[in-house]
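To convert, note that position 154 of the sequence shown is 155 in the working numbering; the numbers rise steadily by one, no gaps.
We treat Cβ as the ideally placed atom computed from N, Cα and C, and that holds for glycine.
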Amino acid sequence: TKGTVLYHGKDITNKSANKICRLGIARTFQNIRLFKELSVIENVMVGLHFKTGNSPMKGRLLAAITSYIKAGEEYERMHESASKWLEFFHLTQFENDLARNLPYGHQRELEIARALATDPTLLFLDEPAAGMNPSETDSLMKTIRRIRDLGITVVLIEHDMKLVMNICDTITVLNYGQNIAQGTPEQIRNNPQVIEAYLGKEEA
2 TKGTVLYHGK
12 DITNKSANKI
22 CRLGIARTFQ
32 NIRLFKELSV
42 IENVMVGLHF
52 KTGNSPMKGR
62 LLAAITSYIK
72 AGEEYERMHE
82 SASKWLEFFH
92 LTQFENDLAR
102 NLPYGHQREL
112 EIARALATDP
122 TLLFLDEPAA
132 GMNPSETDSL
142 MKTIRRIRDL
152 GITVVLIEHD
162 MKLVMNICDT
172 ITVLNYGQNI
182 AQGTPEQIRN
192 NPQVIEAYLG
202 KEEA
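Structure follows, in structure tokens:
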């Protein structure tokens with residue numbers, strides 16, 4: 002793999018994850034990566050702490066993260082901000098539960114809430130619908146629209162075509178790593194290369 006990653010004209014190719022985060026870029030993972038021994042609200046507060054530039058992550062154990070958050074002078078402010086994100090995702094009733102005890106769909110939502118707590122202008126969601134049932138996917142679709150309404154640009158990496166076609170303004174289609182099409186959902190739906198890549202070429 003090679004190339005250069007530019008963001009607002011600046012080369013960010015080799016920047017560390019925490020520096021990229023502070024540029025206003027956040028992401029979630031295909032495989033959920035919550036701090037499962039922390040409470041729901043503490044997971045969001047970790048995201049808020051990244052935003053302050055005082056991240057306790059490097060070189061410290063998970064227990065140190067918890068004590069740092071609880072002992073911090075800005076605890077009340079961070080708690081209030083985290084509570085607003087839990088309210089946005091309808092997770093308030095679970096705020097004191099351990100993250101590991103949340104249902105799968107809510108764990109997905111919590112990971113997105115933590116990413117949003119870093120105050121991004123650009124949010125990458127890596128296959129957020131993976132493992133979700135149709136009801137959870139429909140809820141996710143509504144959530145992504147609400148995030149977009151906040152003025153946050155969302156880049157979705159996803160194989161669920163119903164989800165992609167229903168919420169994306171612009172779609173880029175890759176086939177074996179090659180960009181074969183880019184356009185609106187309607188343009189993509191009728192693109193011969195996309196049809197061939199996904200359905201195969203009809204024999205003469």
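Counting the other Cβ atoms within 10 Å of the Cβ of Pro129 gives 16 or more, which makes it buried.
With respect to the 9 Å criterion, Thr185 and Asp161 are not classified as neighbours on the basis of their beta carbons. Sequence-distant Cβ neighbours of Thr5 in its own chain, meaning closer than 8 Å and more than five residues away, are Asp12, Thr14. Taking all protein chains in view, the Cβ of Glu112 is crowded by 16 or more other Cβ atoms within 10 Å, so the residue is classified as buried. The straight-line gap separating the alpha-carbon atoms of Arg115 and Arg109 is approximately 10 Å. Thr144 sits away from Leu164, with the two beta carbons spaced by 9 Å or more.
Taking the C-beta atoms as reference points, Ala118 is found nearer than 9 Å to Trp86. Across the set Phe90, Pro193, Ile21, the C-alpha of Phe90 shows the shortest separation from the C-alpha of His107. Look at Lys11 here: in three-state DSSP terms it is strand. Ala83 and Val45 do touch by the CB rule: their CB atoms are close to 4 Å apart, below 8 Å. CA-to-CA, the gap between Ile172 and Gly10 works out to about 22 Å.
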